[in-house]
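**Q** In the UniProt record's numbering, the protein residues as written are 1 to 734.
(1) Give every residue of the same chain whose Cβ lies closer than 6 Å to the Cβ of residue 156, excluding the five residues on either side of it in the sequence, and list them in chain order.
(2) Give the secondary structure of residue 406 by DSSP, where H, G and I count as helix, E and B as strand, and everything else as coil.
(3) State buried or exposed for residue 509, treating a residue as buried only when at least 16 other CB atoms are found within 10 Å of its CB.
(4) So, at 6 Å on beta carbons, what are the nonlocal neighbours of residue 178 in its own chain, with the 5 sequence-adjacent residues on each side left out?
(5) Assuming residue 380 contacts residue 397 under a Cβ cut-off of 8 Å, what Cβ separation, rounded to an integer in Å, is found between them?
(6) For residue 643 and residue 685, which I take to be in contact (beta-carbon distance under 8 Å), what is that distance rounded to the nearest angstrom?
(7) Drop a sphere of 10 angstroms on the beta-carbon of residue 735, count the other beta-carbons inside from all chains shown, and report buried for 16 or more, exposed for fewer.
(8) Tell me, which residues are paired with residue 196 by DSSP?
(9) Going by DSSP in three states, residue 27 sits in which element: helix, strand or coil?
(10) Helix, strand or coil for residue 270, going by three-state DSSP, please let me know.
(11) Would you grab the beta carbon distance between residue 138 and residue 274 for me? Rounded to a whole angstrom, and I think it's under 8 Å.
(12) Using CA atoms only, rank isn't needed, just tell me which of 484, 676 and 617 is closest to residue 633.
(13) Which runs of the alpha helix (DSSP H) spanning at least 4 residues fall entirely within the stretch 577-637, listed in chain order?
(14) Could you name the residues of the same chain whose beta carbon sits closer than 7 Å to that of residue 97, not counting the 5 residues immediately before and after it, in chain order?
(15) Out of curiosity, what's the CA-to-CA distance linking residue 641 and residue 583?
(16) Hey, would you say residue 409 sits closer than 8 Å to residue 425, going by beta carbons?
(17) Spatial neighbours of residue 570 within its chain, please: C-beta separation below 6 Å, excluding the five flanking residues on both sides.
(18) Hey, residue 335 and residue 316: beta-carbon distance below 8 Å or not?
(19) Could you check whether residue 226 and residue 184 sit closer than 8 Å to each other, using their CB atoms as the reference points?
(20) Considering residue 55, what are the terminal residues of the alpha helix (DSSP H) in which it resides?
(21) Near residue 690, which residues of its chain fall below 6 Å by C-beta distance, leaving aside the five closest residues on each side in sequence?
(22) Excluding the 5 residues preceding and the 5 following residue 507 in the sequence, name in chain order all residues of the same chain whose CB lies nearer than 6 Å to its CB.
(23) For my contact list, residue 348 and residue 376 are in at a C-beta cut-off of 8 Å; report their separation, rounded to the angstrom.
(24) List, from N- to C-terminal side, the beta strand (DSSP E) runs of 3 residues or more that fit wholly inside the stretch 275-332.
(25) Thinking residue 305 and residue 323 are a contact (beta carbons under 8 Å), I'd like their distance in whole angstroms, please.
(26) Note the first and the last residue of the continuous alpha helix (DSSP H) segment covering residue 69.
(27) Tell me where the beta strand (DSSP E) around residue 657 begins and ends.
(28) Looking only at DSSP bridge pairs, what is residue 108 linked to?
(29) Beta carbon of residue 126, beta carbon of residue 240: below 8 Å?
(30) Any idea what DSSP makes of residue 415, helix, strand or coil?
(31) For residue 257, which residues of its own chain have a beta-carbon under 7 Å away from its beta-carbon, when the five flanking residues on both sides are left out?
(32) Going by alpha carbons, who is nearest to residue 181 out of 191, 167 and 115?
(33) Shortest alpha-carbon distance to residue 585 belongs to which of 400, 611, 231 and 512?
(34) Would you report the Cα separation of residue 391 and residue 215, rounded to the nearest angstrom?
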């Protein structure tokens with residue numbers, strides 16, 4: 001089941017003991033948070049569909065393919081649903097992959113869960129610790145080897161955390177997964193983690209460190225460009241540490257920070273950084289959206305829709321990232337756009353349009369419906385003329401004719417939206433009434449067993465629905481005539497922050513506000529206050545010019561990669577040009593780059609995208625270039641206001657033709673002509689570029705020579721224009 005399995009079995013670390021120890025894993029099927037409410041009042045998070053497959057299947061498929069032989073699935077909230085699902089699946093019948101469930105109704109945190117597992121005495125050696133909302137395709141081989149080698153030398157090396165580079169948005173201080181900006185301090189030589197802060201104050205790049213960190217560590221790298229993948233390789237001592245300290249509840253906030261601050265026991269945590277592999281945890285609705293898109297774009301291969309069937313009807317990958325099940329009914333006038341998934345048994349009516357969305361099984365979509373950036377689960381009815389944007393719609397929902405879901409809406413199970421009713425942005429709607437008293441500790445995932453919610457968590461969907469219909473019908477006025485559902489209110493100040501963790505794109509005005517605040521703060525700050533995205537600190541040492549140049553090269557590389565990723569997101573998610581410009585401007589501030597750097601990076605991203613669009617000839621490639629530049633002209637020209645910026649674009653194009661995109665080499669003059677005709681570059685920039693090449697080596701003059709006729713014409717035109725201006729001035733002013 002899943003990808004090809006790699007051997008993960010180990011022998012005991014004691015050379016005299018020839019006992020074979022299977023590689024084990026603990027999978028927490030409970031996130032112990034409330035971030036997916038109101039949906040998780042009725043179904044556990046690990047069973048929510050992620051691109052039409054329950055989340056837990058991604059975690060189990062990866063563990064099996066990575067060589068894990070025994071998995072202990074810890075079930076707490078909605079435990080019966082999780083256990084029933086696994087019993088009906090194929091996971092409990094795999095010949096060389098054992099899945100065992102451990103149930104506890106009394107655990108309210110990850111710490112409680114690990115203490116229960118310790119009491120069961122099932123872990124025999126080093127183990128992998130993940131949560132059931134993790135998606136990864138990484139190989140564990142190197143990370144396990146590093147952990148094992150460290151353990152041989154130092155028994156206090158109890159944990160290895162997997163991390164990945166992921167620069168947060170500098171304006172809003174959160175990652176693309178919607179998680180808080182993370183600060184780490186790592187010994188660059190040993191990879192030991194010495195500082196971890198996932199809730200740093202929003203002090204615009206400032207960070208306070210204890211002096212002892214610099215005293216105790218001769219070399220230290222500070223990072224806020226890393227993502228915690230929440231994949232840990234642990235020694236058995238980790239379980240006993242939780243048992244010895246009941247204050248350890250949260251894995252990071254309590255356990256990791258506790259070990260880092262404890263200078264008595266001397267336990268150590270190390271990191272293993274992955275680069276080309278994928279790993280992410282679905283922590284909130286924004287990360288649900290981000291990971292879903294990554295799966296559809298195949299960054300998670302082989303965990304992709306056409307492979308992850310799990311007993312469902314086969315899904316076929318078509319052009320432009322479209323996935324369709326075989327048994328669907330689609331009107332000829334309906335339009336299904338790129339990067340969209342359509343589940344089996346779904347019917348789509350006349351003139352409906354579905355873009356960048358996931359549609360589940362058995363859905364009925366009427367005529368003239370527009371669905372963009374949405375996650376429509378199973379057995380949903382959407383009547384004629386509805387419009388849905390960037391929303392999550394759970395099983396059994398009915399949306400009556402002409403209704404509108406504004407961005408960020410969450411409709412929980414079996415909600416009914418009345419005709420022509422507009423559900424406001426970021427609304428959360430459920431058949432359940434909102435709990436009167438929310439748990440103050442965000443680690444608690446559900447109310448205690450004495451509450452209305454807690455008493456129902458393990459009942460079937462049928463029982464829950466009937467109970468709700470008997471006692472909790474909504475007034476029709478909340479969701480229109482014939483509607484059913486309670487619109488949950490947000491806590492004080494909550495509405496202002498709803499956009500941060502939503503499936504909807506970050507609003508343009510929020511980015512503008514954040515950038516303005518960032519610019520204001522930079523005006524009053526001194527240069528030594530700000531930390532680079534990552535950098536090595538050495539006490540009592542002076543940074544050399546060579547180090548500065550190397551850091552600058554690294555920053556330029558990562559800046560260009562970030563701009564390219566931002567541009568591709570804009571293309572695939574149909575983001576407006578003004579929004580793209582704002583995001584690039586925030587990167588410009590973060591990396592301390594010039595406008596010319598933005599121009600070169602965006603030009604590169606656009607040309608690379610044009611090259612990646614299928615074409616069969618040079619003429620086809622040229623058409624791709626013209627199409628891309630026509631669509632995104634406003635974005636690029638916003639960075640081409642001066643001569644320097646335009647020269648940077650020509651130099652970047654020349655560099656691409658020589659190195660990374662030689663397919664453009666024969667089209668250099670034609671595309672340069674196109675850039676001139678469409679007002680991307682002016683005559684002065686072209687002639688200045690030629691002038692810069694006068695003293696260059698012959699190898700660097702290839703494209704100047706190729707474009708010589710075009711340059712001569714431009715030179716003549718500039719000469720004629722200049723002399724005509726002089727003649728006019730002489731006639732008028734004497």
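Don't be surprised by glycine CBs; every beta carbon is placed ideally from N, CA and C. For clarity, every value in this text was computed on a predicted model and none was experimentally measured.
**A** To lay it out plainly:
(1) Counting from 1 along the chain shown, the entry for residue 156 is found at position 156. Hits under 6 Å: 266, 267 and 268.
(2) Position 406 of the chain shown, counting from 1, holds the residue named residue 406. Residue state, collapsed to three classes: coil.
(3) As a first step, residue 509 must be located in the chain shown, where it is residue number 509. When all chains shown are included, residue 509 counts as exposed.
(4) Counting from 1 along the chain shown, the entry for residue 178 is found at position 178. These residues qualify, in order along the chain: 284, 286, 287 and 501.
(5) As a first step, residue 380 is located in the chain shown; it is residue number 380 there, counting from the start. As a first step, residue 397 is located in the chain shown; it is residue number 397 there, counting from the start. 5 Å between Cβ atoms; contact.
(6) Here residue 643 corresponds to residue number 643 of the chain shown, with the count starting at 1. Here residue 685 corresponds to residue number 685 of the chain shown, with the count starting at 1. Indeed, because the Cβ distance is near 5 Å, the residues count as touching under 8 Å.
(7) With the chain covering 1 to 734 only, the question about residue 735 has no answer from this structure.
(8) As a first step, residue 196 must be located in the chain shown, where it is residue number 196. DSSP lists 184 as partners of residue 196.
(9) For this step, residue 27 is matched to residue 27 along the chain shown. Of the three classes helix, strand and coil, the one that applies to residue 27 here is strand, per DSSP.
(10) Numbered from 1 along the chain shown, position 270 holds the residue referred to as residue 270. Three-state result, residue 270: strand.
(11) Position 138 of the chain shown, counted from the start, is the residue given in the question as residue 138. Position 274 of the chain shown, counted from the start, is the residue given in the question as residue 274. Contact flag correct, Cβ pair sits at about 5 Å.
(12) Taking the first residue of the chain shown as position 1, residue 633 is located at position 633. When each option's Cα is compared against that of residue 633, the closest is 676.
(13) Listed in chain order, the complete alpha helix (DSSP H) runs (minimum 4 residues) inside the stretch 577-637 are 577-591, 595-612, 618-631 and 633-637.
(14) Here residue 97 corresponds to residue number 97 of the chain shown, with the count starting at 1. Hits under 7 Å: 64 and 69.
(15) Position 641 of the chain shown, counted from the first residue, corresponds to residue 641. Position 583 of the chain shown, counted from the first residue, corresponds to residue 583. Distance between the alpha carbons of residue 641 and residue 583: 19 Å.
(16) Start at 1 with the first residue of the chain shown, and residue 409 comes out as number 409. Start at 1 with the first residue of the chain shown, and residue 425 comes out as number 425. Judged by beta-carbon spacing, residue 425 lies within the 8 Å limit of residue 409, meaning their Cβ atoms are closer than that value.
(17) What you label residue 570 is simply residue 570 of the chain shown in a count that begins at 1. For residue 570, where only same-chain residues beyond five positions count, the Cβ hits under 6 Å are 580.
(18) As a first step, residue 335 is located in the chain shown; it is residue number 335 there, counting from the start. As a first step, residue 316 is located in the chain shown; it is residue number 316 there, counting from the start. No, the Cβ-Cβ distance between residue 335 and residue 316 is not below 8 Å.
(19) To locate residue 184, count along the chain shown from 1; it is residue 184. To locate residue 226, count along the chain shown from 1; it is residue 226. Yes. Within cutoff.
(20) The count along the chain shown starts at 1 and reaches residue 55 at position 55. It spans 55-65 - the alpha helix (DSSP H) in which residue 55 sits, taken as one unbroken run.
(21) In the chain shown, the residue the question calls residue 690 occupies position 690. Correct list, in chain order: 704 and 711.
(22) Numbered from its first residue, the chain shown carries residue 507 at position 507. So the qualifying residues of the chain are 499.
(23) Counted from its first residue, the chain shown places residue 348 at position 348. Counted from its first residue, the chain shown places residue 376 at position 376. So it is not a contact: roughly 11 Å between Cβ atoms.
(24) 279-281, 315-317 and 323-325
(25) Counting from 1 along the chain shown, the entry for residue 305 is found at position 305. Counting from 1 along the chain shown, the entry for residue 323 is found at position 323. Yes, residue 305 and residue 323 are in contact; Cβ-Cβ is about 4 Å, under 8 Å.
(26) In the chain shown, residue 69 corresponds to position 69, counting from 1. No alpha helix (DSSP H) contains residue 69, which DSSP labels as neither H nor E.
(27) Indexing the chain shown from 1 puts residue 657 at position 657. Where residue 657 is concerned, there is no enclosing beta strand (DSSP E), although the alpha helix (DSSP H) it sits in stretches over 643-658.
(28) Position 108 of the chain shown, counted from the first residue, corresponds to residue 108. Its beta-bridge partners do not exist; DSSP assigns none.
(29) Along the chain shown, read from residue 1 onward, the residue named residue 126 stands at position 126. Along the chain shown, read from residue 1 onward, the residue named residue 240 stands at position 240. The Cβ atoms of residue 126 and residue 240 lie no closer than 8 Å to each other.
(30) Along the chain shown, one-based indexing puts residue 415 at 415. Residue 415: coil per DSSP, three-state reduction.
(31) On the chain shown, position 257 is the one that residue 257 refers to. Within the same chain, residue 257 has close Cβ partners 196.
(32) Within the chain shown, residue 181 is the residue found at index 181, counting from 1. Selected option, being the one with the closest Cα: 167.
(33) By one-based count along the chain shown, residue 585 stands at place 585. It is 512.
(34) Along the chain shown, one-based indexing puts residue 391 at 391. Along the chain shown, one-based indexing puts residue 215 at 215. When only Cα atoms are considered, residue 391 and residue 215 end up about 51 Å apart.
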